[in-house]
């Protein structure tokens, strides 16, 4: 059975995502993004096969352990998946610049620009 660490960025949708993973047969543990010291991340991550970063409010830089977990996951080859803020944290950890949209609207489509630097 695959073991997945679900990092909760203080968003209630984390429990919906967690439920889906469990329905697919995964063993999961939900941890808030600020309950473990960063120094303990290597030991924590070693217990899991993959990581899911949840949505949440704010910016990736303010999302607790999100960016450090992404960097450690990338360095160790641990699969990682992010939703909304979690996806933004992955992008920022890999060097992308995440900015606010001019107009906030749920489900709004926007053009995405990149400079081919990644």
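Numbering (the numbering used here), first residue to last: -11 to 106.
Ideal Cβ placement from N, Cα and C applies to all residues, glycine included.
Nothing here was measured: the structure is a model prediction, and the numbers come from that model.
Coil, strand or helix - residue i by DSSP
i	result
residue 23	coil
residue 74	helix
residue 91	coil
residue 2	helix
residue 7	helix
residue 97	coil
residue 107	Shown here, the chain extends from -11 to 106; a query on residue 107 therefore has no answer.
Nearest-angstrom Cβ-Cβ length linking residue i and residue j, presumed shorter than 8 angstroms
i	j	result
residue 61	residue 74	So it is not a contact: roughly 12 angstroms between Cβ atoms.
residue -9	residue 15	5 angstroms
residue 38	residue 56	No, residue 38 and residue 56 are not in contact; Cβ-Cβ is about 17 angstroms, not under 8 angstroms.
residue 9	residue 40	7 angstroms
Neighbour flag for residue i against chain B, beta carbons, 9 angstroms
i	result
residue 93	No chain B appears in this structure, which consists of one protein chain only.
Which residues DSSP lists as bridging residue i, in chain order
i	result
residue -5	19, 41
residue 69	40
Checklist line | Start-end ranges of the alpha helix (DSSP H) lying completely within the segment 25 to 61, minimum 4 residues | finding: 29 to 33
Note to self: Count Cβ pairs between the segment -11 to -1 and the segment 20 to 34 that sit closer than 8 angstroms; are there 3 or more?
What the structure shows: yes
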